[in-house]
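Participant: Can you keep this structure in mind? I'll have questions shortly.
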Amino acid sequence: GNSVTQMEGPVTLSEEAFLTINCTYTATGYPSLFWYVQYPGEGLQLLLKATKADDKGSNKGFEATYRKETTSFHLEKGSVQVSDSAVYFCALSEGGGADGLTFGKGTHLIIQP
Amino acid sequence: DAGITQSPRHKVTETGTPVTLRCHQTENHRYMYWYRQDPGHGLRLIHYSYGVKDTDKGEVSDGYSVSRSKTEDFLLTLESATSSQTSVYFCAISESNSARTGELFFGEGSRLTVL
Chain A
682 GNSVTQMEGP VTLSEEAFLT INCTYTATGY PSLFWYVQYP GEGLQLLLKA TKADDKGSNK
742 GFEATYRKET TSFHLEKGSV QVSDSAVYFC ALSEGGGADG LTFGKGTHLI IQP
Chain B
2 DAGITQSPRH KVTETGTPVT LRCHQTENHR YMYWYRQDPG HGLRLIHYSY GVKDTDKGEV
62 SDGYSVSRSK TEDFLLTLES ATSSQTSVYF CAISESNSAR TGELFFGEGS RLTVL
């Protein structure tokens with residue numbers, strides 16, 4: 682079956698540091714890949730996505746590139762801010778909307794001023 | 002923002018009692034989902050619906066049932082709550098025209114504590 686593996690953290694960084702959160706996946710087909718973010722006390726919201734190999738998703742300074750050869754979708758940001766503190770979830774979908782997404786366990790990111 | 006309302010937002014109950022969580026959407030989206038979120042497990046799919054009266058089981062469906070009698074409402078029922086069902090429950094919806102991309106819109110969650 683499908684699965685997503687990501688570092689759980691917590692990951693603690695200083696403001697303006699470079700961020701990488703690793704995500705690798707296992708899927709039977711050619712999934713779409715997603716990063717969702719959950720701010721304290723809120724539900725998840727889509728951060729970025731990529732639907733085919735070599736696509737790069739980007740939003741709010743975050744980027745991730747769909748690497749089929751390494752089955753990875755690592756999240757990066759060049760300079761993090763305190764407001765980026767949240768839990769980040771990597772997820773995949775095989776494309777059929779009926780059965781939703783398969784999520785990783787989430788990575789708790791803490792940015793210190 | 003997608004119009005998704007979950008109720009109740011917080012509930013404390015005792016083992017063995019029935020509990021129903023409600024998800025209400027104003028978007029007329031076809032697909033609706035219930036997930037539970039637990040530390041160390043991320044989000045796991047409980048049940049989902051692909052239309053009125055059309056539902057199916059997810060990864061962790063044991064002990065849960067669902068019903069969807071109207072497009073806008075998706076109910077999650079714990080017939081006899083257990084302490085292992087203490088969790089935060091999230092409802093999500095998907096637009097029919099983007100269901101194949103898998104993008105979901107989430108409610109704010111319902112925190113359930115079973116004593």
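Residue numbers (my numbering), protein chains in the order written: chain A, 682 to 794; chain B, 2 to 116. Note that the Cβ used here is the ideal one computed from N, Cα and C, for glycine as well.
Using CA coordinates, which residue listed in A/Leu729, A/Thr788, A/Gln793 and A/Pro712 is at the minimum distance from A/Lys749?
Facilitator: It is A/Pro712.
Participant: Starting from the beta carbon of B/His42, find every residue of chain A whose beta carbon is closer than 8 Å, and list them in chain order.
Facilitator: Ordered by position in chain A, the residues that pass the 8 Å Cβ test against B/His42 are Lys786.
Participant: Using beta-carbon positions only, say whether A/Glu697 and A/Ser760 come within less than 8 Å of one another.
Facilitator: Closer than 8 Å, so yes.
Participant: Using a Cβ-Cβ cut-off of 8 Å, state whether B/Tyr65 counts as contacting chain A.
Facilitator: Chain A contact via Cβ: absent.
Participant: Could you tell me the distance, in whole angstroms, from the CA atom of A/Leu728 to the CA atom of A/Ala745?
Facilitator: If I take the Cα positions, the gap works out to 10 Å.
Participant: Out of curiosity, what's the CA-to-CA distance linking A/Pro721 and A/Gln793?
Facilitator: Approximately 16 Å, taken between the alpha carbons.
Participant: So is B/Val20 buried or exposed if we call it buried at 16+ other beta carbons inside 10 Å?
Facilitator: Classification for B/Val20: buried.
Participant: If you run the structure through DSSP and keep just helix, strand and coil, what is B/Gln86?
Facilitator: Helix at B/Gln86.
Participant: Taking Cβ-Cβ distances shorter than 8 Å, what residues in chain B pair up with A/Phe754?
Facilitator: The premise fails here: A/Phe754 is roughly 13 Å from chain B at the closest Cβ pair, so nothing lies under 8 Å.
Participant: Let's see if you can read the secondary structure: which residues bound the beta strand (DSSP E) around B/Tyr34?
Facilitator: Unbroken beta strand (DSSP E) run through B/Tyr34: Tyr32 to Asp39.
Participant: For B/Phe91, decide whether its Cβ has a neighbour in chain A, counting only Cβ atoms nearer than 8 Å.
Facilitator: With 8 Å as the cut-off, B/Phe91 counts as an interface residue toward chain A.
Participant: Do the stretch 64-76 of chain B and the stretch 780-790 of chain A meet, that is, are 3 or more Cβ pairs less than 8 Å apart?
Facilitator: Verdict: no, contact absent.
Participant: Going by beta-carbon coordinates alone, are B/Gly41 and A/Lys786 separated by less than 8 Å?
Facilitator: Yes, the pair counts as a contact, with Cβ atoms nearer than the cut-off.
Participant: Since I believe A/Gln719 is in contact with A/Val768 (beta carbons under 8 Å), could you give me their beta-carbon distance rounded to a whole number of angstroms?
Facilitator: With a Cβ gap of about 5 Å, A/Val768 and A/Gln719 count as contacting.
Participant: Quick one: is A/Ala772 buried, meaning 16 or more other Cβ sit within 10 Å of its Cβ, or exposed?
Facilitator: That one is buried.
Participant: Go through its chain and collect everything with a Cβ distance to B/Ser84's Cβ below 7 Å, but skip five positions before and after it.
Facilitator: Contacts found: Thr16 and Val115.
Participant: Is DSSP giving B/Val61 helix, strand or coil here?
Facilitator: Coil.
Participant: I need the boundaries of the beta strand (DSSP E) containing A/Glu744, first residue and last residue.
Facilitator: Segment Phe743 to Thr746, the beta strand (DSSP E) holding A/Glu744.
Participant: Leaving out five residues before and five after B/Leu105 in sequence, what residues of the same chain have Cβ atoms less than 6 Å from its Cβ?
Facilitator: Counting only Cβ-Cβ distances below 6 Å, and skipping sequence neighbours, we find Ala93 and Ser95.
Participant: Are the CB atoms of B/Phe91 and B/Leu44 nearer to each other than 8 Å?
Facilitator: Against a cut-off of 8 Å, the Cβ pair of B/Leu44 and B/Phe91 comes out as a contact.
Participant: Grab me the residues of A/Gly710's own chain with a C-beta within less than 7 Å of its C-beta, minus the 5 sequence neighbours each way, in chain order.
Facilitator: The answer, listed in chain order, is Glu775.
Participant: Could you list which residues in chain B have their beta carbon closer than 7 Å to that of A/Leu727, in chain order?
Facilitator: Ordered by position in chain B, the residues that pass the 7 Å Cβ test against A/Leu727 are Glu104.
Participant: Helix, strand or coil, according to DSSP, for A/Val763 in the structure here?
Facilitator: The answer is helix: DSSP assigns A/Val763 an H, G or I state.
Participant: So, at 7 Å on beta carbons, what are the nonlocal neighbours of B/Lys58 in its own chain, with the 5 sequence-adjacent residues on each side left out?
Facilitator: The residues are His48.
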